[in-house]
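**Q**
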Amino acid sequence: MVLTGANVVVAKSLAGALPIPLILGLRCLVACAVLLPLALWRDGRRWPGRGVLLNLFLQAAAGTVLYNVALLAGLRLTTALEGGLVLATLPAVIALGSALWLGERIAPRGWAAVALAAGGMGAIVLARGGAAGGSALGNGLVLLGVCGEAAYVLLAKRASGALPLLSASLGMQAFSALLLLPAWLPQAGAAARLADPWLLGLLLFHAVTASVLSLLLWYGGLRRAPAGTAGVFTAFLPATAAAAAILFLGETPTATHALGFVLLLASMLLATWPTRRDP
Numbered sequence: 001m002v003l004t005g006a007n008v009v010v011a012k013s014l015a016g017a018l019p020i021p022l023i024l025g026l027r028c029l030v031a032c033a034v035l036l037p038l039a040l041w042r043d044g045r046r047w048p049g050r051g052v053l054l055n056l057f058l059q060a061a062a063g064t065v066l067y068n069v070a071l072l073a074g075l076r077l078t079t080a081l082e083g084g085l086v087l088a089t090l091p092a093v094i095a096l097g098s099a100l101w102l103g104e105r106i107a108p109r110g111w112a113a114v115a116l117a118a119g120g121m122g123a124i125v126l127a128r129g130g131a132a133g134g135s136a137l138g139n140g141l142v143l144l145g146v147c148g149e150a151a152y153v154l155l156a157k158r159a160s161g162a163l164p165l166l167s168a169s170l171g172m173q174a175f176s177a178l179l180l181l182p183a184w185l186p187q188a189g190a191a192a193r194l195a196d197p198w199l200l201g202l203l204l205f206h207a208v209t210a211s212v213l214s215l216l217l218w219y220g221g222l223r224r225a226p227a228g229t230a231g232v233f234t235a236f237l238p239a240t241a242a243a244a245a246i247l248f249l250g251e252t253p254t255a256t257h258a259l260g261f262v263l264l265l266a267s268m269l270l271a272t273w274p275t276r277r278d279p
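In the UniProt record's numbering, the protein residues as written are 1 to 279.
1) Confirm, please, whether the CB-CB distance from Val65 to Leu179 is below 9 Å.
2) Under the rule that 16 or more other beta-carbon atoms within 10 Å means buried, what is Leu137, buried or exposed?
3) For Gly189, which three-state DSSP category applies?
4) Using alpha carbons as the reference points, say which of Leu96, Asn7 and Trp101 lies closest to Trp111.
5) Determine the extent of the alpha helix (DSSP H) in which Gly97 is found, giving its start and end residues.
6) Could you check if Asn7 is buried or exposed, using at least 16 other CB atoms within 10 Å of its CB as the buried criterion?
7) Residue ranges of each alpha helix (DSSP H) run of no fewer than 4 residues wholly in the region 37 to 95, ordered along the chain?
8) Could you round the C-beta distance between Leu14 and Leu154 to whole angstroms and report it? I think they count as a contact, below 8 Å.
9) Inspect the beta-carbon positions of Leu90 and Leu237 and report whether they are closer than 9 Å.
10) For Ser167, name the three-state secondary structure that DSSP assigns.
11) What whole-angstrom Cβ distance do Gly171 and Leu56 have, given they're in contact under 8 Å?
12) Which residues in the same chain have their Cβ closer than 8 Å to the Cβ of Gly130, if we skip the five residues on either side of it in sequence?
13) Within 10 angstroms of its Cβ, does Thr252 collect 16 or more other Cβ (buried), or is it exposed?
14) Taking the alpha-carbon positions, what's the Ala242 to Ala80 distance?
15) Which residue's Cα is closest to the Cα of Leu85: Pro108, Leu116 and Arg105?
16) When burial is assigned at 16 or more other CB atoms within 10 Å of the CB, is Asp278 buried or exposed?
17) According to DSSP, is Arg224 helix, strand or coil?
18) Reducing DSSP to helix, strand and coil, say where Gly260 ends up.
19) Can you tell me whether Arg27 is buried or exposed? The criterion is at least 16 other CB atoms within 10 Å of its CB, across all chains shown.
20) Under the assumption that Val10 contacts Leu71 (Cβ atoms under 8 Å), give the Cβ distance between them as a whole number of angstroms.
21) Work out the CA separation of Arg158 and Arg46 for me, nearest whole Å.
22) The alpha helix (DSSP H) spanning Ala244 covers which residue range?
23) Can you name the start and end residues of the alpha helix (DSSP H) that Ala207 belongs to?
Written out as structure tokens, the structure reads:
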């Protein structure tokens, strides 16, 4: 979650220097280059069935293409601070999607989490009305990205266990690269800007941490901790994004941003805190 939050600032820096489709295309290629030997080593050669392939394709369309295109486009318009706060609505959006799409029942505290998330978004809108430097369109695009990521999570939940983690991640990144190919290939000439070592380092960091390391750390942690407990640590995403935006980009938070963060943090804790069960 710390790496994911830091990547909000990295993504904003990259989006200001390179075309968005090129960033995503190169990111997927780097991820495939890292995941392929790992998947062959740990999982061997496995060919999934049509249903699993379709699910991986949809996960790539929602979790890679929609999420990242909307996030990067939104970060061009809004601040990394506000973008990171909007990302904190993810648990509430997933809970809402589970009810609407998978027919799961939402407990009262789940609906309270959705209401708090809406209040947090309202605070960010109010902050934008001041001199915070945010953008309604930018924040809306980031929220659209959140919906894409929520769809990815629900699709992954539906196909859980059909493929080992490394093979599933490799398949999703390969589909993502294919989906993005028509968009980024005409802009490949802009890759000459990666002669700048700082920009190249940012891209490699973004690719390896966002598409490989964060995923493996998250699911590795889930093998050792209950999902509800692990979910509490999603609070580190907006906190890290806000801290990185302030420290590295010089963005200035307001009291309304602080209110939005408190409401969104409460929303995440309500949505993810483990319930007490009888022995």
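Virtual Cβ for every residue (Gly too), placed ideally from N, Cα, C.
**A** In brief:
1) Counted from its first residue, the sequence shown places residue 179 at position 179. Counted from its first residue, the sequence shown places residue 65 at position 65. Result yes, Cβ atoms of Leu179 and Val65 sit closer than 9 Å.
2) Position 137 of the sequence shown, counting from 1, holds the residue named residue 137. Classification of Leu137: exposed, given that the 10 Å Cβ count is below 16.
3) Against the sequence shown, residue 189 aligns to sequence position 189. It is helical.
4) Reading the sequence shown from its first residue, position 111 is the one you call residue 111. Checked all of Leu96, Asn7 and Trp101; the closest Cα to Trp111 is Leu96.
5) By one-based count along the sequence shown, residue 97 stands at place 97. Leu90 to Trp101 is the span of the alpha helix (DSSP H), which, as asked, contains Gly97.
6) For the purposes of this step, residue 7 is taken as the residue at position 7 of the sequence shown. Asn7 comes out buried.
7) 50 to 59, 67 to 77 and 80 to 87
8) The sequence position of residue 14 within the sequence shown is 14, counting from 1. The sequence position of residue 154 within the sequence shown is 154, counting from 1. About 28 Å; that fails the 8 Å criterion.
9) Start at 1 with the first residue of the sequence shown, and residue 90 comes out as number 90. Start at 1 with the first residue of the sequence shown, and residue 237 comes out as number 237. Yes; because the gap between Cβ atoms is below 9 Å, this pair is in contact.
10) Locating residue 167 in the sequence shown gives position 167, counting from the first residue. Note: Ser167 maps to helix in three-state DSSP.
11) Within the sequence shown, the letter at position 171 stands for residue 171. Within the sequence shown, the letter at position 56 stands for residue 56. Indeed they touch by this definition, with Cβ atoms about 4 Å apart.
12) The sequence position of residue 130 within the sequence shown is 130, counting from 1. Low per-residue confidence applies at Gly130: pLDDT is 49, beneath 50, and the placement is therefore not dependable, though the value from the model is reported in the following sentence. Answer for Gly130: Thr254 and Thr256, listed in chain order.
13) For the purposes of this step, residue 252 is taken as the residue at position 252 of the sequence shown. Exposed, since its Cβ has fewer than 16 Cβ neighbours within 10 Å.
14) Looking up residue 242 in the sequence shown gives position 242. Looking up residue 80 in the sequence shown gives position 80. Distance between the alpha carbons of Ala242 and Ala80: 7 Å.
15) The count along the sequence shown starts at 1 and reaches residue 85 at position 85. Looking at the Cα atoms, Leu116 is the closest of the given residues.
16) The residue given as residue 278 occupies position 278 in the sequence shown. Residue placement at Asp278 is flagged as unreliable, the pLDDT there being 47, under the threshold of 50; a coordinate-derived value is accordingly withheld.
17) In the sequence shown, the residue the question calls residue 224 occupies position 224. Residue state, collapsed to three classes: coil.
18) In the sequence shown, residue 260 corresponds to position 260, counting from 1. Of the three classes helix, strand and coil, the one that applies to Gly260 here is helix, per DSSP.
19) Stepping through the sequence shown from its first residue, residue 27 is reached at position 27. That one is buried.
20) Taking the first residue of the sequence shown as position 1, residue 10 is located at position 10. Taking the first residue of the sequence shown as position 1, residue 71 is located at position 71. 11 Å between Cβ atoms; not a contact.
21) If you number the sequence shown from 1, residue 46 lands on position 46. If you number the sequence shown from 1, residue 158 lands on position 158. Near 20 Å, if we compare the C-alpha coordinates of Arg158 and Arg46.
22) Counted from its first residue, the sequence shown places residue 244 at position 244. Segment Phe236 to Phe248, the alpha helix (DSSP H) holding Ala244.
23) Translated into the one-based positions of the sequence shown, residue 207 becomes position 207. Start and end: Pro197 to Val208.
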